[in-house]
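Counted from 1, the sequence shown has number 821 at position 46 by our numbering; the numbering is strictly sequential. Glycine included, C-beta positions come from ideal geometry on N, C-alpha and C. These numbers were taken from a predicted model, which means no experiment stands behind them. What follows is a single structure, written as structure tokens, with notes after it.
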Amino acid sequence: MMKYVLLVLVVWCAWGQSAGKEIGRGAGDIGKGAAKGVGNLAKGAGQGALDLATLHPINAAASLGKGAGTAGKDVTVGALKGTGKIGKGVGKAIKKLF
């Protein structure tokens, strides 16, 4: 356990400002993608509920599908961008170690 704590401390100190910023930006991108996805899913669900209430079941299904599809896209894009930036930041940190 102690060697893992030391490894984390060494990596943390070696990160410097740029690697830490890169990792932070990556985490931010993941969060933004998830938030956008939830917003679009809620928008689609709300529009679908409205369409059902006004007796437009075909439009309701289309709205739900569009909201879910857009939500999936936003979450995926955010996760991929964020993971890439985190990987880049970790690479910078490891490079500084050696």
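Check: Which word fits residue 855, buried or exposed, when buried means at least 16 other C-beta atoms lie within 10 angstroms of its C-beta?
Finding: Counting Cβ neighbours within 10 Å, residue 855 comes out exposed, since fewer than 16 surround it.
Check: Thinking just about the alpha-carbon of each residue, which of 820, 862, 826 is nearest to the one in residue 843?
Finding: Among 820, 862, 826, the Cα nearest to that of residue 843 belongs to 820.
Margin query: Please give the ranges of any alpha helix (DSSP H) in the region 794–873, keeping only runs that are unbroken, at least 4 residues long and fully inside the region.
Written below: Along the length of the region 794–873, whole alpha helix (DSSP H) runs at least 4 residues long occupy 832–872, reported in chain order.
Next item on the list: Evaluate residue 825 with the Cβ neighbour count: other Cβ atoms within 10 Å of its Cβ, from every protein chain shown; 16 or more gives buried, anything less gives exposed.
Entry: Exposed, because fewer than 16 other Cβ atoms sit within 10 Å of the Cβ of residue 825.
Next item on the list: Using a threshold of 7 Å, state whether the C-beta atoms of residue 835 and residue 827 are closer than that.
Entry: Yes, these two residues count as a Cβ contact at 7 Å.
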